[in-house]
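Report on the structure given below.
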Amino acid sequence: MKSRLFSLAIYLTATLSGVLVLLYPFFLPTLSSQTGFGTYRAGEMPALMTLLLGLCLLVLLVEAQVPVMNTKLIALLGVLVAINSALRFIETAIPGPGGFTPIFFLIILVGYVFGGRVGFLMGALTMLVSALVTGGVGPWLPGQMFTAGWVGMSAPLLRPIAGSIRSKKMAGRKVGVNLEIISLALFGMAWGFIYGAIMNLWQWPFIIGPQAQSWAAGLSLGMTIQHYLAFYLVTSLVWDTIAALGNVLLILAFGAATLKALRRFQQRFAFKYSVDGNNASVRQGERSAQ
Amino acid sequence: MKQPWAWVIWLVAVLVMLTITRNPLYLVLIIMCVAFVGLALRDIGESFPQPFSMWKFAGWIILLATAFNALTSHFGDTVLFTIPGNIPLISGNVTLEAMVYGATNGLILTGMLAGFTVLNLALPVRDLISLIPRAFFPVAVVTSIAVTYLPTTLRQIQQIREAQEVRGHQMRSLRDWLPLLMPLLVGSLEHAMQLAEAMTARGFASSKPGTSRQAIYPRLLMLIGVLLLAAGWVVQLGTTGWSGWVLIVLGIILVISGLWSLGRQSRRTVYHRPGWGWQDGLVILGVVLMIAAGTLPIPGMGGETMYYEPYPVLKLPGFSLWMGISLLALLIPGLVAISRGAKEKRFSEVEKAGG
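One line per chain: the protein sequences are H and X, in this order.
Note that the numbering used here numbers the first sequence so that position 19 is 19, with each residue one more than the last.
To get the numbering used here, take the position in the second sequence, counting from 1, and add 290.
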């Protein structure tokens, strides 16, 4: 219990610190009296941001990997990350329209089926491995790993919705068969926009553009948000809309079959080896039934 | 050359050089050096089977990167033709400069892919696993499995596509990709099952976890470290003094101490620790000198030729002979492999003659 609370404290601290680092353009005006458009500490900030995000990410990875310390989950994650990295590799070689990317589809479904920690590792490691093989290593990588990790980590939040759908089905009430997939598709759509909005933040303060869209030290929080929204609408909305629609289409087209396959293998993976032999090696959950 | 770290340092050098130059002449030279190393490994039989045609794949990457940039970036003075209408992103002038910029992107991607392919050819999985830092061993094993399994995945995609084509399957809509995705997913998960059994049989992650106090102490260090980092970040944003930096440095020390302490608790058995040879030293010396030549402002070296921008008007990229010679340091692993291959061939011939 103490260990779980401690683990939760580390998760929250590392996640909130990461959010603090990423969202600094919004609260900086209240901390600093310096002014100037798009040039504020442009030399030191990206490096410092990368360093701090990287360290928060390392702490989160250390914490997330603890329950994954068994060969089955390690091998499972390894091949799933390889599939996702291959998809990103193909996408880099044959670019899709706008911000379309096939990787979030699998990150969301794996997080949804296998849980938040596996989902976090799936998102973060997909970005790492695919960056290594596509040449995407740069100051943006810790931010990408962090945000993609959150995508996978937050997917299990949909489980209560799916649970209520299942219980209604079991109670004999007629419910649309694909409501679970539709809720996952809507979740994917939301992340299509949120991912783009978060990833813009690491570079927005240093982009020199029209004054109404640029970050400026000394602006109020409301004005900073207003400037960012204008910047986002002009530069990213179309791009991220395509990303969000891509997530929706992929989940609607392949979600049901992929969920079925992942759940089947989740059951196959749910056993423990025992030194006492076959009689003691049981599937998880079966021991209590025996 | 059997020391995995020497190969990793060679790969990092390839990535560094590909990152710091956009001169197409140097990029082509780097790719040729990397390809030479790959071919040398293949010729002496030290490599694993090549998963796909690297040259064909490189051709596609360069072609598509060129076409993509030409159609979406409309900067540059040498207009080849104009796409009429108001199609978002696409309509506008297609320029020679945008095509060259896109092709340069394709060359960089090809070089990076080639570098990783050679690393996969040169190092077996056990050597990749030996590079894992102890604190991150589960995550690092996942990463090394993924990196190793990636070429197989690409080959599987190709095989499944060909098998479906033979059956008359056509890709008309998004749903037609399902017969390609599902065999890939299920086949990979089956592979994961076999891999897990093999790892369990070899005793991977079978040691008993440490006591709760042992586990909590390094995590406590990391927790305090992250808190200090966050506090230092806020202080640093608001002031220009050193107080924020002090907190950040303290936070970094605590996080690294926690990771180090956690790593000490992970026991790892090493069956065979690869040693260092003079060939490894030669590779490291060569690539360090090459990176120094590429990054330091050495007079007469021609460092300025590393930077090349095709915009706004296309001009020929510069080329410094000294810089070109320094890039040849990337050939050393290939030369070492050829020399060892020749020695082994002579040895086997002498053995045959004697026997």
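Built from N, CA and C at the ideal position, the CB exists for glycine as well.
Beta-bridge pairing of residue i - partner residues as DSSP gives them
| i | result |
| --- | --- |
| Asn383 of chain X | X:Thr372 |
Rounded distance between the beta-carbons of residue j and residue i, thought under 8 Å
| i | j | result |
| --- | --- | --- |
| Thr147 of chain H | Leu517 of chain X | Not a contact, Cβ separation roughly 22 Å. |
| Met472 of chain X | Ala261 of chain H | 7 Å |
| Ala627 of chain X | Met389 of chain X | Rounded, the Cβ-Cβ distance is 37 Å, inconsistent with contact. |
| Leu579 of chain X | Ala521 of chain X | Incorrect: roughly 42 Å between the Cβ atoms, too far for contact. |
| Ile108 of chain H | Thr126 of chain H | The pair is not a contact, with the Cβ atoms about 12 Å apart (cut-off 8 Å). |
| Ala360 of chain X | Gly396 of chain X | Ala360 of chain X to Gly396 of chain X, Cβ: 11 Å. No contact. |
| Ala404 of chain X | Gly349 of chain X | About 13 Å; that fails the 8 Å criterion. |
| Pro314 of chain X | Pro607 of chain X | 6 Å |
| Thr443 of chain X | Ser478 of chain X | 7 Å |
| Pro589 of chain X | Asp417 of chain X | Their Cβ separation, rounded to whole angstroms, is 40 Å, which puts Pro589 of chain X and Asp417 of chain X out of contact at 8 Å. |
| Glu387 of chain X | Pro602 of chain X | 7 Å |
| Ile242 of chain H | Leu474 of chain X | Not really, about 24 Å apart at Cβ, beyond 8 Å. |
| Leu334 of chain H | Gly149 of chain H | Not covered by the structure: residue 334 of chain H. The range shown for chain H is 1 to 290. |
| Ile435 of chain X | Gly192 of chain H | About 29 Å; that fails the 8 Å criterion. |
| Gln65 of chain H | Leu132 of chain H | About 18 Å separates the two Cβ atoms, so there is no contact after all. |
| Gly188 of chain H | Val248 of chain H | 6 Å |
| Val431 of chain X | Ile182 of chain H | So it is not a contact: roughly 36 Å between Cβ atoms. |
| Phe426 of chain X | Leu621 of chain X | The pair is not a contact, with the Cβ atoms about 33 Å apart (cut-off 8 Å). |
| Pro25 of chain H | Thr224 of chain H | 6 Å |
For residue i, three-class secondary structure by DSSP
| i | result |
| --- | --- |
| Arg462 of chain X | coil |
| Met291 of chain X | coil |
| Ala42 of chain H | Confidence is the limiting factor: at Ala42 of chain H the pLDDT is only 46, short of 50, which leaves the residue's position unreliable, though a coordinate-based value still follows. If DSSP states are grouped into helix, strand and coil, Ala42 of chain H belongs with coil. |
| Tyr598 of chain X | coil |
| Gly534 of chain X | helix |
| Leu80 of chain H | helix |
| Lys633 of chain X | helix |
| Phe120 of chain H | helix |
| Arg88 of chain H | helix |
| Leu308 of chain X | helix |
| Trp202 of chain H | coil |
| Val525 of chain X | helix |
| Leu23 of chain H | coil |
| Arg287 of chain H | Any reading at Arg287 of chain H needs caution, since the residue's pLDDT is 49, under 50, leaving its predicted position unreliable; the model's value is listed next. DSSP places Arg287 of chain H in helix when its eight states are reduced to three. |
| Pro341 of chain X | Any reading at Pro341 of chain X must be qualified, since the residue scores a pLDDT of 44, below 50, and its modelled position is unreliable; the value itself is stated next. Here Pro341 of chain X sits in coil by DSSP. |
| Leu413 of chain X | coil |
| Leu604 of chain X | coil |
| His481 of chain X | helix |
| Phe609 of chain X | coil |
| Phe6 of chain H | helix |
Per-residue contacts from residue i into chain H (C-beta, under 7 Å)
| i | result |
| --- | --- |
| Met389 of chain X | Correct list: empty, because the minimum Cβ distance to chain H is about 15 Å. |
| Ile320 of chain X | None at all; the shortest Cβ gap to chain H is about 12 Å. |
| Leu471 of chain X | Phe254 |
| Arg509 of chain X | Phe6, Ile10 |
Closest Cα partner of residue i within the set the options
| i | options | result |
| --- | --- | --- |
| Arg4 of chain H | X:Ser610, X:Ala505, X:Glu599, X:Ser547 | X:Ala505 |
| Trp239 of chain H | H:Met199, H:Tyr24, H:Trp215 | H:Met199 |
| Val298 of chain X | X:Val573, X:Leu617, X:Ala583, X:Ile321 | X:Val573 |
| Ser17 of chain H | H:Gly54, H:Gly246, H:Phe89 | H:Gly54 |
| Val318 of chain X | X:Gly515, X:Gly576, X:Met402 | X:Met402 |
| Ala323 of chain H | H:Gly116, H:Met153, H:Val66, H:Leu233 | This structure gives no information on residue 323 of chain H, because the portion of chain H shown stretches from 1 to 290. |
| Gly576 of chain X | X:Pro508, X:Gly553, X:Ser616, X:Thr490 | X:Ser616 |
| Glu310 of chain H | X:Pro374, X:Lys605, X:Leu399, X:Arg457 | One cannot answer for residue 310 of chain H here, as it falls past the ends of chain H, which runs 1 to 290. |
| Leu23 of chain H | H:Gly111, H:Trp204, H:Gln213 | H:Trp204 |
| Phe406 of chain X | X:Gly592, X:Met461, X:Gly644, X:Leu305 | X:Leu305 |
| Leu20 of chain H | X:Ser551, X:Ile310, X:Glu641, X:Val525 | X:Val525 |
| Phe265 of chain H | H:Ile251, H:Leu76, H:His227, H:Leu8 | H:Leu76 |
| Phe347 of chain X | H:Leu250, H:Ile74, H:Phe89, H:Arg117 | H:Phe89 |
| Met613 of chain X | X:Pro374, X:Thr311, X:Asp570, X:Ile377 | X:Thr311 |
| Ser164 of chain H | H:Leu179, H:Ala155, H:Ile103 | H:Leu179 |
| Val536 of chain X | X:Gly515, X:Trp568, X:Gly553 | X:Gly515 |
| Pro600 of chain X | X:Thr490, X:Ser638, X:Ala412, X:Thr385 | X:Thr385 |
| Arg509 of chain X | H:Arg159, H:Leu57, H:Val62 | H:Val62 |
| Leu237 of chain H | H:Leu259, H:Arg263, H:Ile194 | H:Ile194 |
Contacts of residue i in chain X (Cβ-Cβ under 7 Å)
| i | result |
| --- | --- |
| Ala75 of chain H | Ile435, Ala482, Leu485, Ala486, Met489 |
Residues that residue i contacts on chain H, provided the C-beta gap is smaller than 9 Å
| i | result |
| --- | --- |
| Ile506 of chain X | Lys2, Ser3, Phe6 |
| Phe652 of chain X | Past the edges of chain X, shown from 291 to 645, lies residue 652 of chain X, and the structure says nothing about it. |
| Leu552 of chain X | Val62 |
| Trp523 of chain X | Ser17, Leu20, Val21, Tyr24, Leu48, Met49, Leu52 |
Check: residue i C-beta below 6 Å from any heavy atom of the ligand ATP
| i | result |
| --- | --- |
| Gly188 of chain H | For the structure depicted, the ligand ATP is absent and the ligand set is empty, with no information on it obtainable. |
Neighbouring residues, chain X, relative to residue i (Cβ below 8 Å)
| i | result |
| --- | --- |
| Gln226 of chain H | Chain X residues near Gln226 of chain H: none, gap ~21 Å exceeds 8 Å. |
Under 8 Å by beta carbon: chain H residues contacting residue i
| i | result |
| --- | --- |
| Tyr439 of chain X | Gly78, Val79, Ala82 |
| Ser478 of chain X | Val79, Leu80, Ala82, Ile83 |
| Ala425 of chain X | Val62 |
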